[in-house]
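Peer 1:
Numbering (the numbering used here), first residue to last: 94 to 492.
#1: Take residue 213 as the anchor and find which of 240, 400, 482 has the nearest alpha-carbon.
#2: Taking the CB atoms as reference points, tell me whether residue 153 and residue 480 lie closer together than 8 Å.
#3: Measuring alpha carbon to alpha carbon, tell me which residue in 444, 272, 143, 486 is nearest residue 233.
#4: Over what stretch of residues does the beta strand (DSSP E) that includes residue 480 continue unbroken?
#5: Rounded to a whole number of angstroms, what is the C-alpha to C-alpha distance between residue 435 and residue 262?
#6: So, helix, strand or coil for residue 470, using DSSP?
#7: Considering just the uninterrupted stretch of the beta strand (DSSP E) at residue 202, what are its terminal residues?
#8: Consult DSSP for residue 360 and reduce its assignment to one of helix, strand or coil.
#9: Should residue 376 and residue 395 be called a contact, given that it needs their Cβ atoms to be closer than 8 Å?
#10: Using the C-alpha atoms, what's the distance from residue 407 back to residue 287?
#11: On the three-pair Cβ rule with 8 Å, is the stretch 164-180 touching the stretch 246-257?
#12: Rounded to a whole number of angstroms, what is the C-alpha to C-alpha distance between residue 494 and residue 231?
#13: Using a threshold of 8 Å, state whether the C-beta atoms of residue 356 and residue 487 are closer than that.
#14: Could you spell out where the alpha helix (DSSP H) holding residue 426 opens and where it closes?
#15: Assuming residue 186 and residue 197 form a contact by the criterion Cβ under 8 Å, report the distance between their Cβ atoms to the nearest whole angstrom.
#16: Excluding the 5 residues preceding and the 5 following residue 184 in the sequence, name in chain order all residues of the same chain whose CB lies nearer than 7 Å to its CB.
#17: Roughly how many angstroms separate the alpha carbons of residue 452 and residue 432, rounded to a whole number?
#18: Give the single residue among 341, 208, 163 whose Cα lies nearest to the Cα of residue 399.
#19: Quick one, which of 179, 411, 172 has its alpha-carbon nearest residue 76's?
#20: Could you give the distance in angstroms between the alpha-carbon of residue 162 and the alpha-carbon of residue 370?
#21: Taking residue 442 and residue 348 to be in contact with their CB atoms under 8 Å, please state how far apart those CB atoms are, rounded to whole angstroms.
#22: Please say whether residue 257 and residue 209 have beta carbons closer to each other than 8 Å?
#23: Let me know if residue 470 comes out buried or exposed under the rule of 16 or more other beta-carbons within 10 Å of its beta-carbon.
#24: With a threshold of 8 Å on Cβ separation, who are the neighbours of residue 205 within its own chain once the five nearest residues in sequence on each side are excluded?
#25: Can you tell me which of 236, 430, 211 puts its alpha carbon nearest to the alpha carbon of residue 220?
#26: Looking at the strands, I want to know which residues DSSP matches up with residue 183.
#27: Rounded to whole angstroms, what's the CA-CA distance from residue 426 to residue 217? Just pull it up for me.
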């Protein structure tokens with residue numbers, strides 16, 4: 094899904110040039126006008142180019158952050174910094190867009206299929222292209238702004254797979270796409286209000302036997318299931334219609350427990366089956382649609398038809414809770430592989446919870462508990478601490 098070494102090197106290089114930790118709160122965008130030209134790393138009209146000069150921007154928020162709801166990368170740069178077309182294309186949208194203030198969407202014909210790049214948070218006065226215009230890679234199309242739902246000047250940049258942004262194409266991580274010629278794999282990030290890359294990098298070596306985790310320490314007594322997890326749910330601690338599903342889900346793998354999943358579910362949705370976040374996260378476990386249907390290590394989607402009613406639906410509490418367990422287990426196994434390889438350190442349970450919120454990439458890039466952007470300190474770390482603290486509320490204790 095990601096070419097990790099190159100991505101990390103790229104971010105470090107950008108950070109060495111300029112340190113601008115400006116947090117951009119966005120998930121969509123739009124702009125308008127006619128087009129001057131400019132350059133940004135490759136000659137106009139050839140291949141991919143950076144939408145903002147790499148010597149000027151720093152990454153202030155990553156793809157898959159905010160529990161998978163952040164569908165692009167935020168490139169913080171001074172207001173007015175030129176924004177360039179990432180490759181040749183046609184302007185599909187240029188103007189106002191909810192959340193973005195104003196945006197530009199470019200459609201690109203790649204091998205007969207329409208991909209899109211999305212540019213957001215610009216001001217209307219800075220839109221230099223209009224719908225229908227043909228643009229070349231490296232041509233200036235706008236300027237960095239802080240319009241819409243934004244807390245500082247930055248470009249929100251997305252890459253959308255066929256059939257393109259306006260036709261509902263799935264978002265992928267823009268950074269490897271920019272660096273590697275568009276070969277990135279879709280990375281539906283969960284956070285189902287917490288998910289960040291449903292398609293996770295495979296560990297480079299077999300995971301070690303899991304050490305005792307924070308979840309186990311707080312588990313109290315319980316029944317181990319065939320998957321090695323623990324059903325330690327305190328009777329009456331969750332709404333009765335959900336109890337059997339948390340009990341079953343807790344036995345999915347050794348790294349989780351029923352009490353952990355219940356504590357997390359409470360923080361995700363307050364056990365509301367009809368919960369829908371402003372970013373589109375669904376149900377009791379707050380799955381993003383792309384994560385729910387992403388392929389788990391066993392070859393099935395993360396959200397399966399757990400209750401046998403004929404459909405897999407994150408709004409169905411049984412499906413959502415079992416899907417939550419399946420996704421948490423996949424994250425945990427990835428993190429265990431990284432720990433074996435010396436790429437990250439820390440409690441596996443805590444890091445798994447953090448990755449559910451901020452994405453696995455945030456854990457990897459931080460070498461452990463996410464520490465790359467302000468949101469990691471204001472949202473992710475408190476999220477982890479609160480869930481770990483609440484596990485005993487849901488755990489049946491030894492008497």
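Each residue gets a CB set at the ideal place from its N, CA and C atoms; glycine is no exception.
Peer 2: So, from the listed chains and residues:
#1: 240
#2: no
#3: 143
#4: That residue, residue 480, is in no beta strand (DSSP E); its alpha helix (DSSP H) goes 474-487.
#5: 36 Å
#6: helix
#7: 194-203
#8: helix
#9: no
#10: Confidence at residue 287 is low in this model, with a pLDDT of 38, below 50, so its placement is unreliable and no value can be given for it.
#11: yes
#12: No answer is possible for residue 494: the residues shown for the chain start at 94 and end at 492.
#13: yes
#14: 410-433
#15: 7 Å
#16: 197, 199, 222, 223, 224, 225, 226, 228
#17: 16 Å
#18: 341
#19: With the chain running from 94 to 492 in the structure shown, residue 76 is simply not present.
#20: 9 Å
#21: 7 Å
#22: yes
#23: exposed
#24: none
#25: 236
#26: 200, 227
#27: 46 Å
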